[in-house]
Structures are given as structure tokens and as C-alpha cells.
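Data block below; observations after.
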Amino acid sequence: MHRLPSLRQGPFRMPEGPGRGSDGAPAAPDVPGARERAAYRYWTRDIVRFQDLDRLGHVNNVSFAVYLESGRVDFLETLNPGSTAGSGIGWVIARLVLDFVAEARYPADVDIGSRVLHIGRTSCVIGQGLFIGDRCFGAAENVCVWADTGAGRSRPMPEPVRAALADYLVPDAPRL
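Under UniProt numbering, the residues of the sequence shown are numbered 1 to 176, in order.
Structure follows, in C-alpha cells:
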């Protein structure tokens, strides 16, 4: 997996159509939606593998979730190294909402965009988009929980974790 350079350039606002913000109110008109490349500043690159295909030659449903996982883990590990190791205290995924937007085919490079939509006390919502070129073929929201995996319980996020997430927060972004 090869990560594309993050585009960390000042305030993040781009043109967009109608949508809803995290509080249910109409989103600011200048915040891009989940299906637009401009919505994301953090990128991970993956590839469509032949094994990802169904009988019709389309990328199968499970592979969408695998691409999202690649992007989510890369994003969270870059922000907080070691936080997805699966032992001790770190991130676990509690929910995945996925929209299958279009077909994807082999061969192709997949660009996975990630952004933070909400930061709570013990969890956050990460929005993601799957792109081949400029075409979005999947969009998702992930609820990730900061947890003690040994105890099987959520824990309040430490301030450095919250601060790292806040750098990618787009609070008025339209939701799926």
C-alpha cells in the first residue's frame, strides 16, 4: 500500500451542493460531499486485485470494505502510531455504513480519501470515499471507538488523540 501525500494546506472549504451537517441542519454550501474528491485531504492508495472480482468482473462487495479498512487503518496509524495494533488501548471499529455508488473493475488504482466528521468523548466518525480517477465508486462512514481491548470497554480519548483527529475535522460536512 502506498500513501498519497496528504494535502495539508490551510482551511479546508470547497464548493458543494445541498446536504446535512452533523447536527441535522443544512450543511454549509461550501463543504464538499462524500462523493467528491475535494472532500478529502488524507489519501491512501490501494489497487484492485483480480481476486477482488465477482463472476461478472465487478469489484465484489467485500472488497469495498477491505479498501475502506486499508484507508482507515493507514489514516489512524498515521495520526496515532500503534493505535490499531489490536491489543491494549486503541481503535476498534463499531459501525460501518457503506454506499455502493458505482461499479469498479480490474485493473485500477484505488484512492481512499479519509476525513473526520465528528469527535465524541470515546469515539469518532470517519468519512471515506473510494475513487478510481475522479469517479467515486463508494462512500462510507465509520464509527471508531477508543477502547481497552483487554477489558472490552471504551475509554475517553486522550487529548493528543483528539488533537490529531481535530486536524482533519470537517464538522459541517454532509452525512450519508
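All C-beta atoms, glycine included, are put in the ideal place defined by N, C-alpha and C.
Review point. In three-state terms, what does DSSP make of T122?
Key: coil
Practice item. Closer than 8 Å by C-beta to Y106: which residues in its own chain qualify, once you throw out the five before and the five after it? Chain order, please. Key: V48, R49, F50, D52, L53, G57 and V59
Check your understanding: What are the partner residues of G138, as DSSP defines its beta bridges?
Key -> F100 and L130
Review point. Could you give the distance in angstroms between the alpha-carbon of L68 and the alpha-carbon of I112?
Key: 7 Å
Exercise for review: Rank H118, V116, N61 and N142 by C-alpha distance to the C-alpha of L96 and give the top, closest one.
Suggested key: N142
Practice item. Following the continuous alpha helix (DSSP H) through Y67, name the residue where it begins and the one where it ends. Key: N61 to L79
**Study point:** CA-to-CA distance, E77 to Y168, given in whole angstroms
**Key:** 14 Å
**Study point:** Whole-Å CB distance - A94 paired with S123, under 8 Å assumed
**Key:** 7 Å
**Study point:** Where L165 sits in the DSSP three-state scheme
**Key:** helix
Check your understanding: By Cβ distance, which residues of its chain are closer than 6 Å to L136, with the 5 residues on each side in sequence left out?
Key -> The residue asked about is misnamed: residue 136 is Cys in this sequence, not Leu. These residues qualify, in order along the chain: R35, V101 and G129.
Check your understanding: So what's R37 in DSSP terms, helix, strand or just coil?
Key -> helix
**Study point:** I132 vs F75 beta-carbon contact at 8 Å
**Key:** no
Check your understanding: Given W146, which residues of its chain have a CB within under 6 Å of its CB, disregarding the five upstream and five downstream residues?
Key -> T122, R155 and M157
Point to revise | S114 burial status per 10 Å Cβ neighbour count (16 or more: buried) | key: buried
Exercise for review: Name, in chain order, the residues that DSSP records as bridge partners for V92.
Suggested key: V145
Point to revise | Residue burial classification, E159 (beta-carbon count within 10 angstroms, cutoff 16) | key: exposed
**Study point:** Whole-number beta carbon distance between N80 and A164, since they are thought to touch under 8 Å
**Key:** 6 Å
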